[in-house]
Amino acid sequence: MIGDDLRVRGSSIARPCRTPPASPPASAPGIVDPARSSHISKRRFPAVKAPIIRKPLIIVSDFMRGEAAGGFVLMAAAALALVVANSPLSELYFESLHAKLGGMSVLHWINDGLMVIFFLLVGLEIKREMLVGQLSSWPRRALPGIGALGGMIVPALIYVSFNRDDPAALRGWAIPTATDIAFALGVLSMLGKRVPISIKVFLTALAIIDDLGAVVIIALFYTNELSVLYLSLAAAVIALLVVLNRSGVRSLWPYMVLGSVLWFLVLRSGVHATIAGVALALTVPLRMKGDMREAPLTLLENSLQRVVPFLIIPLFGFANAGLSLAGMTAARLVEPLTLGVALGLLCGKVIGVFGFSSIAIRFGLARLPQEASWIQLAGVSLLCGVGFTMSLFIGLLAFAHHPVLQSEVKVGILGGSLLAGIAGYIVLRMVSSATATATDPEPDRSS
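Numbering follows our numbering, with no gaps: position 435 of the sequence shown is 435.
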């Protein structure tokens, strides 16, 4: 990875901020001893004296530390956007998004400004996983990598098959290729321990590779006219960032300052500005010197994990998911573009991910996730069809000046993602219930 000389194999290093809270005793699931709860409450919020205030704070704190909490917040933001866009506040909603602020609209600042921070976090996660995490060796990368490849190829082919006669619509071929990790993990978390941890690892790894593919697609296929001058200056800044890394600079602030300069140069170059976030992430140091938790990449990633899932992504969802249903007819629901996106997510993802993964397993290129069944693999492949954030983002790039096509894209994404999420949940819930029934001991009838 750019600039780093770390060569660690295996994934014994876990995310410092991802340590789950201790599970309650099996004899009383979900119930915590009152004395212990009071002790924890005082320890975690010592400045708050009133229990009636402290307990809600703890509930919110526990929720925000959950791995799928961001997905639920994003769901709420998207739902709120749909409600507001179809309420008396709709005019204010759309006017506010298009209000000018420093030469760019509010929507532009969110999509080209704040989303850089999201892509910075994506880049940090990709780098860490490739070096010390779930993708640190080829055997670990094989199944999610092959599944992600299928999950990009088949949805794109389905989309193209519906829009092959429309050159303008063909520009959106990459929209159904993305998986929204926050939404997908949110659905998966509803199943709790009914799903083996290996399935969650597979979904997370696949989504990370999927994000990497989306970044490459955006850089290669959704780039405007290029400015050689600004591209050259951006390349010089990236080279300087690499020099800082190789020179042993471990303070974060030089990287952040140069990263801001890089964002401006990339924004002016014609390449989408969010690529600057990924480029910066790949130069942030990750080295095994002392405590891994003090590595610059780890510190920055942990900081962003508090901001991105609960502020930036929900704000993006609220700003872009607003779809006015006024004048919506059945004919608009079956437009080729809408069907291409929806069926690409709903059918293309499960065919691509499950199909390619099955072939890899059958030919010995990869192994079925530990303690997982084929049906569970199919269920999680359906969840990969939840493609909200990145799909919306690519749709905005593909049809930046075509609001009608953007509306069709939103209908397809919302419909396809919703159906894929529901179908994946039902399949995984049914197979877990069947497994639980099959493993229950026969009741003792001797008495």
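The beta-carbon is built from N, C-alpha and C at its ideal position, and this holds for glycine as well. It should be emphasised that the depicted structure is a prediction, and the values quoted were computed from it without experimental measurement.
Buried or exposed for LEU212, going by 16 or more other Cβ atoms inside 10 Å? buried
Three-state secondary structure assigned by DSSP to ALA14: A caution first: ALA14 carries a pLDDT of 37, below 50, which makes its placement in the model unreliable, though a value can still be read off. Three-state result, ALA14: coil.
Distance, Cα to Cα, LEU262 vs ILE312? 20 Å
So the alpha helix (DSSP H) ILE209 belongs to, where does it begin and stop? 197-221
Please classify LEU382 as buried or exposed, where buried requires at least 16 neighbouring CB atoms within 10 angstroms. buried
Cβ-Cβ separation, LEU82 to ALA321 (assumed contact under 8 Å), whole Å: 6 Å
Please say whether GLY151 and LEU206 have beta carbons closer to each other than 9 Å? yes
Any contact between the region 197-205 and the region 365-383? By contact I mean 3 or more CB pairs, one from each, below 8 Å. yes
For the alpha helix (DSSP H) that contains GLU456, what are its first and last residues? Residue 456 is absent from the structure shown; the chain starts at 1 and stops at 447.
Contained alpha helix (DSSP H) runs [length at least 4] in the region 77-157, N- to C-terminal order: 90-97 and 115-132
Start-to-end residues for the alpha helix (DSSP H) that takes in ILE275: 275-281
Leaving out five residues on either side along the sequence, give the residues of the same chain with a beta carbon under 6 Å from the beta carbon of LEU304. LEU121
Quick check on SER269: does DSSP put it in helix, strand or coil? helix
Near PHE119, what residues of its chain come up, given a Cβ to Cβ distance below 6 Å and the 5 sequence neighbours on each side ignored? THR274, GLY277 and VAL278
Thinking C-alpha only, which one of ILE217, HIS272 and SER198 is nearest ALA234? HIS272
Helix, strand or coil: which one does DSSP assign to ASN224? coil
Going by alpha carbons, who is nearest to ILE238 out of LEU265, GLU125, ASP112 and VAL84? LEU265
Distance check for TYR255 and LEU280, CA to CA, integer angstroms please. 7 Å
In whole angstroms, what separates the C-alpha of PRO144 from that of GLY364? 14 Å
C-beta contact flag for ALA295 and LEU346 at 9 Å: no
Status (buried if at least 16 other CB within 10 Å, exposed otherwise) for SER269: buried
Let's test the definition: count the other Cβ atoms within 10 Å of the Cβ of SER27 and tell me whether it reaches 16, buried, or not, exposed. Confidence in SER27 is poor, its pLDDT being 34 and thus under 50, which makes the residue's placement unreliable; the coordinate value appears in the next sentence. It is exposed - the Cβ of SER27 has fewer than 16 other Cβ atoms within 10 Å.
Comparing alpha-carbon positions, which option in PRO403, ALA142 and ALA398 lies nearest LEU170? ALA398
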